[in-house]
Structures are given as C-alpha cells and as structure tokens.
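Protein chains: 2
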Amino acid sequence: MNIQFWFEFGSTYSYPAAMRVEALAASQGATVAWRVFLLGPLFRAQGWNDSPFNLYPAKGQYMWRDLERICQRLQLTLKRPSVFPRTGLLASRVACQFSEAAWLPGFVREVYRANFEDDLDIAAPSTVARCLVRVGQNPAEIISAAQLPAAKEQLRAQTQEAARRGIFGAPSVVVGRELFWGNDRLEEALSWSAGPPAPPRR
Amino acid sequence: MNIQFWFEFGSTYSYPAAMRVEALAASQGATVAWRVFLLGPLFRAQGWNDSPFNLYPAKGQYMWRDLERICQRLQLTLKRPSVFPRTGLLASRVACQFSEAAWLPGFVREVYRANFEDDLDIAAPSTVARCLVRVGQNPAEIISAAQLPAAKEQLRAQTQEAARRGIFGAPSVVVGRELFWGNDRLEEALSWSAGPPAPPRR
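Top line first, the protein sequences correspond to chains A and B. Note that the working numbering gives residue 98 to position 98 of the first sequence, counting from 1, and the numbers run on in steps of one. Note that the working numbering gives residue 1081 to position 81 of the second sequence, counting from 1, and the numbers run on in steps of one.
In structure tokens, the structure reads:
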C-alpha cells in the first residue's frame, strides 16, 4: 500500500519523520509518495503570521526539548537552527516538481540535514545546489526547471490540496481517507496502510 | 518513582490518558500524583477565548477523528460531548482539594466517563455528586468542602503552578525536570521516571 507523506522543510517534527519514513514504510511493505507543501499559507489562513512555536513561547520551548529527546532516541543529530522557521521555497519547488524522481527521497533528507544538522540557510540556492550535488544531480538544470512558472504553480496547487485534505500541520500522513498528524503518528499510519484495525472485542 | 499527571476535565486527550495512567504507571513501579488544573486561564493568557479545537476547525476535525481511533484502540467508549469544552470547575475543586484521597483516581475517571462516555454536564453539582457516590463518598460533605474559599484558592494556585512549570496543554506529565505533553507521551514519560535514557551510541 501507498502512503502520502506531507512535509514542509521548515517544520521541526517533519525532520525526524522525513529521516525515517522511507525505511519504516519499506519494513512494512509500503511505499511513500512524497508530498511537499508550504505551511505559511495554511498558517496565514488561521490568522498566524509566524510559526505557532514562536507565537506561543511555552509551546515553543516544549517543542525544542521534545525534539531533542526524539532525535536522541532516533540517534539523529540536532543543531537548533539559528533562524526558525526557515523558508524552503526553492527546495519545495524542486521537491514538488521532481516528486517521482529516484533521487528525491535522498534530496529531501539532505535538505533536512542542512536545516537541522548543519544550520544552513536552506532558502539559499547554494544550499539547495549542495543538496542536489550530494544526491548526484546537476543543480543548475534542476533549479532552472523548478523555477519555471508551471513548477511554481504546481507547488501552489499542492499546498491547496493539503488544505483541502484537512491538513493543518506537518508532517501529516494520508492513508486512504485517514489523516495522521505528527512524527508520533507514523507507526499508526503505517498500521492503517495494512488495513484498518479490527473492531475491538469488549 | 513518582510522576505528576496534570489534567483538565474538559480536555479530550486527557480522557484516554486519565483512564490508563494509573495502571500504566503501576506496571512500571511508578506512582501517580494527580494534578488537576484549568486550561481556560492558560488559553486566555495566549489570547484564546475558546478551545483551539474550536478556534481552528481543521485541527478540531482532526482531533475528534484521532481521539476516536485512540479510544477504539484502547477499547474506551467515546460519545462526542454535545458541549465542548465543558467546564469542570466544581469537579476540579474537588480533585484539587482531595488530591491525596484514596478514592480520587476513581473519581477522576468517573468524571471523564460522565463527560466522554455519557455526555453529561460535568459542571452540574448533580453530576459531580453522582461521580462521588460511585466511588463511595458522601457528596454533600465533599462538595461543601470543595467550595470553601481556601479550596477555590488552592485550584487557582495549582493552575498558576502549571503555567510556571511551562505547561500549556493537557494532559501533561512532569517527571523531575522533564515535561511531556499529550496522551501519546505517557509511555515516554514513564520510561523517564525509571531514569533518563542512556546516551546513544553512534
């Protein structure tokens, strides 16, 4: 079965989820459709002009500690980005335009590493280029393709599709008609991908 | 080891957590200190005059479905309350004033059942009385005690303590200096109560 993994490059909890979703899915015989989107427009529609983790400091403080614990458990390096949230617009256009490419999952992970391991400005074309080189691609060619009007429009449409599916945060996983939100719902989403659970016996 | 379980009677995710925390803790040799508080003052301090699940409909719609899945998995009955969120002020005063009583955990679970299984108005003294009777207590006596000025003040102070500890939602678990938020962090909190995890080997 196929699961849709909806992610945003600036999103903190998308980082551990993006790093592990492919291997986790494979271990259960499922495949991942990578669906990048932008949280900014969804947040603005809710009246937020910034990440809720910045708008609500207690929530933000908790999130950073929680993420630290999660990364420690998963043995992922975490260096708190000096800018948060970072806008991954160009990287998102690449990930949207080339969502079916064999190198795409590796590229997505490189962008997350740049943001959350190396504290690099993922908005900079040079960072996106570096991530493309690391997965064996020609950055100039791909970056040009990702900046064509049709590619920009594709990301806008995909972000609208996220909203239409009821997505309000990242990461989210869609399995059939079921929506799962958060890194901590990956396992549950993958169980659903094998079929909904049997009704409980009382 | 002792964990503090911070809960609010109107909170949806506090329901499955409250129903299972004591047994889960006992299975790991931990004990639970029950810490009721009110989310209303904390939400108002963040500029919300209602539950975020009402203020942000996509989030609310997701939460109800997510809660349904959780309750099904835990074999808990869930009847969506016709009023949400319900204010459990009187029940909270009881739970705060009698937090050390042997009947308290049972009372807390009865209040959650009233709200989320039976769709009863938990703000009504008659519902609180019913919950007290079910755990073998004299409702008139306890309700009077819970409405004394000192009891009211104790709940106010405990709510302020929640904020001071960085709590911003319910349920939350405090283990030493660590804060865990959400029903889905109970297991992790209990692991911490047995000592922080060993540093990962790379």
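Idealized CB from N, CA, C, for every residue including glycine. The structure displayed is predicted, hence computed values, not measured ones.
With 9 Å as the threshold, decide whether the Cβ of residue i is near any Cβ in chain B.
i, result
"glutamate 178 (chain A)", "yes"
"arginine 80 (chain A)", "no"
"aspartate 184 (chain A)", "yes"
"glycine 166 (chain A)", "yes"
"glycine 169 (chain A)", "yes"
"tryptophan 181 (chain A)", "yes"
"glutamine 160 (chain A)", "no"
"glutamine 28 (chain A)", "no"
"tyrosine 62 (chain A)", "yes"
"lysine 152 (chain A)", "no"
"arginine 69 (chain A)", "yes"
"arginine 35 (chain A)", "no"
Contact check, residue i vs residue j under 8 Å by CB: the rounded distance?
i, j, result
"leucine 1179 (chain B)", "tyrosine 62 (chain A)", "6 Å"
"glutamine 163 (chain A)", "valine 173 (chain A)", "Here residue 163 (chain A) is alanine; the residue named in the question, glutamine, does not match the sequence. So it is not a contact: roughly 16 Å between Cβ atoms."
"threonine 170 (chain A)", "glutamate 8 (chain A)", "One detail in the question is off: residue 170 (chain A) reads as alanine in this sequence, not threonine. Rounded, the Cβ-Cβ distance is 4 Å, consistent with contact."
"threonine 1087 (chain B)", "glutamate 1117 (chain B)", "Actually they are not in contact, since the Cβ atoms of threonine 1087 (chain B) and glutamate 1117 (chain B) sit about 18 Å apart, beyond 8 Å."
"alanine 1095 (chain B)", "valine 1108 (chain B)", "6 Å"
"serine 1184 (chain B)", "aspartate 184 (chain A)", "Here residue 1184 (chain B) is aspartate; the residue named in the question, serine, does not match the sequence. Indeed they touch by this definition, with Cβ atoms about 5 Å apart."
"valine 135 (chain A)", "glycine 106 (chain A)", "4 Å"
"threonine 127 (chain A)", "aspartate 119 (chain A)", "In fact, because the Cβ distance is near 11 Å, the residues do not count as touching under 8 Å."
Excluding the five sequence neighbours on either side, which residues of its own chain have a C-beta within less than 7 Å of the C-beta of residue i, listed in chain order?
i, result
"proline 1125 (chain B)", "Leu1090, Ile1143"
"threonine 1031 (chain B)", "Asn1002, Ala1025"
"glycine 1060 (chain B)", "Phe1053, Asn1054"
By Cβ distance below 6 Å, which residues in the same chain neighbour residue i in space, the five residues on each side in sequence not counted?
i, result
"isoleucine 167 (chain A)", "Trp6"
"leucine 1074 (chain B)", "Pro1016"
"arginine 93 (chain A)", "Ala146, Ala151, Leu155"
"tryptophan 181 (chain A)", "Gly169, Ser172"
Buried or exposed for residue i, please, with buried defined as at least 16 other CB atoms from any protein chain shown within 10 angstroms of its CB.
i, result
"proline 81 (chain A)", "buried"
"valine 1083 (chain B)", "exposed"
"glutamate 1110 (chain B)", "buried"
"glutamine 1097 (chain B)", "buried"
"serine 193 (chain A)", "buried"
"tryptophan 64 (chain A)", "exposed"
"asparagine 1049 (chain B)", "exposed"
"proline 196 (chain A)", "exposed"
"alanine 114 (chain A)", "buried"
"proline 1085 (chain B)", "buried"
"alanine 1198 (chain B)", "exposed"
Can you find a CB in chain A that lies within less than 9 Å of the CB of residue i?
i, result
"tyrosine 1056 (chain B)", "yes"
"tryptophan 1103 (chain B)", "no"
"arginine 1113 (chain B)", "no"
"aspartate 1050 (chain B)", "no"
"alanine 1017 (chain B)", "no"
"proline 1041 (chain B)", "no"
Can you name, in chain order, every residue of its own chain whose Cβ lies under 8 Å from the Cβ of residue i, other than the five neighbours on each side?
i, result
"alanine 45 (chain A)", "Ala163"
At least three beta-carbon pairs within less than 8 Å, the stretch 1029 to 1043 of chain B to the stretch 141 to 152 of chain A: no
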